[in-house]
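Start counting the sequence shown at 50; every next residue gets the next number (this note's numbering).
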Amino acid sequence: MALVSATEMLQKAKAGHYAVGQFNINNLEWTKAILLTAQENNSPVILGVSEGAGKYMGGYHVVVGMVKGMLQDLNITVPVAIHLDHGTFEGCYKCIEAGFSSIMFDGSHYPIEENVAKTTQLVKDAHEKGISIEAEVGAIGGEEDGVVGMGECADPDECKMIADLGVDFLAAGIGNIHGKYPANWKGLSFETLDAVQRKTGDLPLVLHGGTGIPADMIKKAISLGVAKINVNTECQLSFAAATRKYIEEGKDQQGKGFDPRKLLAPGFQAIKDTVKEKMELFGSVGKA
Ligand code: 13P
């Protein structure tokens, strides 16, 4: 199947009371692991690409070329979107040009008037090309590519204002944080989420910082309109742990010496296991 925008899969998810996972990619192994797991579980999937990861992989054209090649050669038939994660205004235009099927404009740090002006322009230009667009209101806490936010709760009226600009899905800060949650984390603000959903109606809502949120909170968030959940750190942790174990057991030194394909195999499997677990939790298995 060709790349698709994320609009239809997320509208279906919201109506069907499940969520589609956005799993961030960093290299070929992660991309292949996520795509194969989506196919094996008949689940739609969104591949998240941060600007830093895009640069690391060689550029946005490399990412699009690699993903399109995998869709073809691995016979991936489930719906797949390539989505810019936390894009700058300029980054969004680079991804539109390179062939991404979805973008996120993170204008949450701009004054609201500027966020509105930039989002309006991007909505028009993305939609002209059939590309879906996510906006963010209320900075998500933690660190993402060097940007540190404080985990705010979004203002529901501001969410309504940005939703009315025609974005396809909306990330609203509800006390969520990127990376590991601190021991004194107060949990998600379901009061905020409920108020945001009341103001924005059928619009699919996005939960960032999917790593480390307890399963019962994930399920409650889905019941209150979350239709896309972003996971990055958990894949990083499982990949690192599996690779470390392999090296500590000395397995990288066996046989005919150093083989990068063997070295990366346990991490590849660990990402597959993590993604499968999340797809089951989010309820997207069998929904392609
Ligand atoms: P985690 O790294 O906490 O899973 O968050 C990912 C994310 O929200 C990407 O936008």
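Don't be surprised by glycine CBs; every beta carbon is placed ideally from N, CA and C.
- Nearest to residue 51 by C-alpha distance, out of 165, 157 and 125, is 125.
- CA-CA distance, residue 335 to residue 91, rounds to 5 Å.
- Assigned with DSSP and collapsed to three states, residue 251 falls in coil, not helix or strand.
- Within the same chain, Cβ atoms closer than 8 Å to the Cβ of residue 264 are found at 330, the five residues on either side in sequence being excluded.
- If you ignore the 5 residues before and after residue 244, its C-beta comes within less than 8 Å of the C-beta of 205, all in its own chain and listed in chain order.
- Comparing alpha carbon positions, the residue from 73, 320, 225 and 62 closest to residue 105 is 73.
- The closest heavy atom of the ligand 13P lies less than 8 Å from the beta carbon of residue 259.
- Using a cutoff of 8 Å, the CB of residue 158 does not count as near the ligand 13P, since none of the ligand's heavy atoms is closer than that.
- Residue nearest to residue 54 within the set 133, 123, 79 and 110 is 133 (criterion: CA-CA distance).
- Residue environment for residue 183: buried (at least 16 other C-beta atoms within 10 angstroms of its C-beta).
- Less than 9 Å divides the Cβ of residue 200 from the Cβ of residue 226.
- Residue 257 sits in coil when the DSSP states are folded into three classes, being neither helix nor strand.
- Taking all protein chains shown into account, residue 257 has 16 or more neighbouring C-beta atoms within 10 Å of its C-beta and is therefore buried.
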